[in-house]
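The structure under discussion appears below in the form of structure tokens.
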Amino acid sequence: MLRTETIDKWVRGRLGDRLVVESREPLLVWQGRFPPVYAFRRSEVADGVLGAAEAPAREGFSFFGPQLPVAQWYDLRAGDRVLRGGAWTLDAEPVRERVVLTWEPGLLDWTEEDEPVTGHPRDPHKRVEALPSSRHVEVAIDGVRLASSDRPVLLFETDLPTRYYLPEEDVRLDLLEPTDNTSVCPYKGRADGYWTWPGPPAVPNVAWSYSSPAPAVGAVAGRVAFYDELVDISVDGVLQERPESPFSAPAQRPGAEA
3 MLRTETIDKW
13 VRGRLGDRLV
23 VESREPLLVW
33 QGRFPPVYAF
43 RRSEVADGVL
53 GAAEAPAREG
63 FSFFGPQLPV
73 AQWYDLRAGD
83 RVLRGGAWTL
93 DAEPVRERVV
103 LTWEPGLLDW
113 TEEDEPVTGH
123 PRDPHKRVEA
133 LPSSRHVEVA
143 IDGVRLASSD
153 RPVLLFETDL
163 PTRYYLPEED
173 VRLDLLEPTD
183 NTSVCPYKGR
193 ADGYWTWPGP
203 PAVPNVAWSY
213 SSPAPAVGAV
223 AGRVAFYDEL
233 VDISVDGVLQ
243 ERPESPFSAP
253 AQRPGAEA
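Residue numbers (the numbering used here): 3 to 260.
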């Protein structure tokens with residue numbers, strides 16, 4: 003199922019130092035249950051950037067690739083840099099004349115207005131809110147208490163469980179092992195701190211933090227959150243039921259197999 007919506011954000015994509023696409027009214031495209039992508043008019047893509055190409059060789063599922071049949075693949079070229087299969091047109095009537103450019107992290111640099119965004123465009127129908135609270139939150143794994151705090155920041159995000167971001171000093175980081183895992187979120191920014199519960203059994207990258215989150219959720223900066231799906235969380239003395247979410251599956255958790 004394909005759904006579209008025009009949005010009035012100023013959106014720009016750069017490949018290295020080259021501005022390769024710019025629009026003040028990009029078309030948001032939802033491909034079924036997946037987050038949206040932008041589809042641009044060809045006139046919004048810089049001259050000489052697109053080169054028709056064969057379908058790239060891909061193994062398995064790609065979150066950042068097209069989720070519907072492709073009418074035409076393109077390489078993206080800017081100076082000496084080439085992104086093979088970095089753009090495509092979808093084989094669907096409402097968007098067949100428009101071009102989708104990749105949002106895979108580390109390839110193009112994207113901004114919405116003047117704020118960097120990565121992973122995928124922000125969905126205007128998603129709510130992300132970070133609120134300071136005085137609830138009492140405890141976190142445990144296998145009966146071992148890992149955190150206890152009366153000053154959490156609760157992060158509410160549409161279609162996902164509430165996350166409890168706790169001050170580092172309220173978390174037993176000495177019981178966890180730091181990892182070099184990172185991840186990106188269009189709404190929160192780059193998570194640059196991760197910790198594993200060593201077990202046994204080990205729970206890889208069960209906790210994370212953002213040292214410099216996006217301004218809209220700046221209240222979570224430097225705080226530690228856990229996957230509610232994998233730990234026991236009590237709020238004001240009440241043990242919370244472990245939620246089911248996309249992150250319940252190991253393959254959906256950044257670095258879960260590391």
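Backbone N, C-alpha and C define an ideal beta-carbon position, used for all residues, glycine too.
It should be emphasised that the depicted structure is a prediction, and the values quoted were computed from it without experimental measurement.
Where the beta strand (DSSP E) through residue i begins and ends
i: glycine 201; result: Unbroken run through glycine 201: none, as it is neither H nor E.
i: aspartate 111; result: 111 to 114
i: threonine 8; result: 4 to 8
i: threonine 181; result: 179 to 181
i: glutamate 117; result: 117 to 119
C-alpha gap between residue i and residue j, whole angstroms
i: proline 180; j: leucine 17; result: 33 Å
i: threonine 184; j: tyrosine 212; result: 10 Å
i: glycine 2; j: glutamate 27; result: The first residue shown for the chain is 3 and the last is 260, placing residue 2 beyond what the model contains.
i: serine 247; j: glycine 195; result: 22 Å
i: phenylalanine 249; j: tryptophan 90; result: 28 Å
i: leucine 21; j: tyrosine 40; result: 16 Å
i: threonine 6; j: glycine 34; result: 11 Å
i: serine 150; j: valine 173; result: 7 Å
i: aspartate 176; j: proline 200; result: 11 Å
i: tryptophan 32; j: glycine 191; result: 21 Å
i: leucine 178; j: valine 240; result: 24 Å
i: valine 23; j: glutamate 117; result: 16 Å
7 Å Cβ shell around residue i - same chain, five flanking residues per side excluded
i: alanine 260; result: Since pLDDT at alanine 260 reaches only 41, below the 50 mark, its modelled position is unreliable, and the value read off the structure follows with that caveat. Closer than 7 Å at Cβ, skipping near neighbours: Thr181, Asn183, Pro206 and Asn207.
i: aspartate 125; result: Pro37 and Pro38
i: tyrosine 166; result: Val139, Pro154, Leu156, Ala227 and Ile235
i: arginine 115; result: According to the sequence provided, residue 115 is glutamate. The question's arginine does not apply to it. So the list reads Lys11 and Trp12, once near-sequence residues are dropped.
i: glutamate 171; result: none
i: glycine 53; result: Tyr76, Asp77 and Arg79
Burial state of residue i, where buried means 16 or more other Cβ atoms lie within 10 Å
i: glutamate 46; result: buried
i: tryptophan 112; result: buried
i: arginine 98; result: exposed
i: threonine 8; result: exposed
i: leucine 110; result: buried
i: aspartate 238; result: exposed
Sequence-distant residues of the same chain with beta carbon closer than 6 Å to residue i, five excluded per side
i: alanine 132; result: Val155, Leu157, Val219, Ala221 and Val222
Segment contact flag, the stretch 50 to 66 with the stretch 135 to 142, C-beta cutoff 8 Å, min 3 pairs: no
Sufficient close CB pairs (3 or more, under 8 Å) joining the stretch 92 to 106 to the stretch 156 to 166: no
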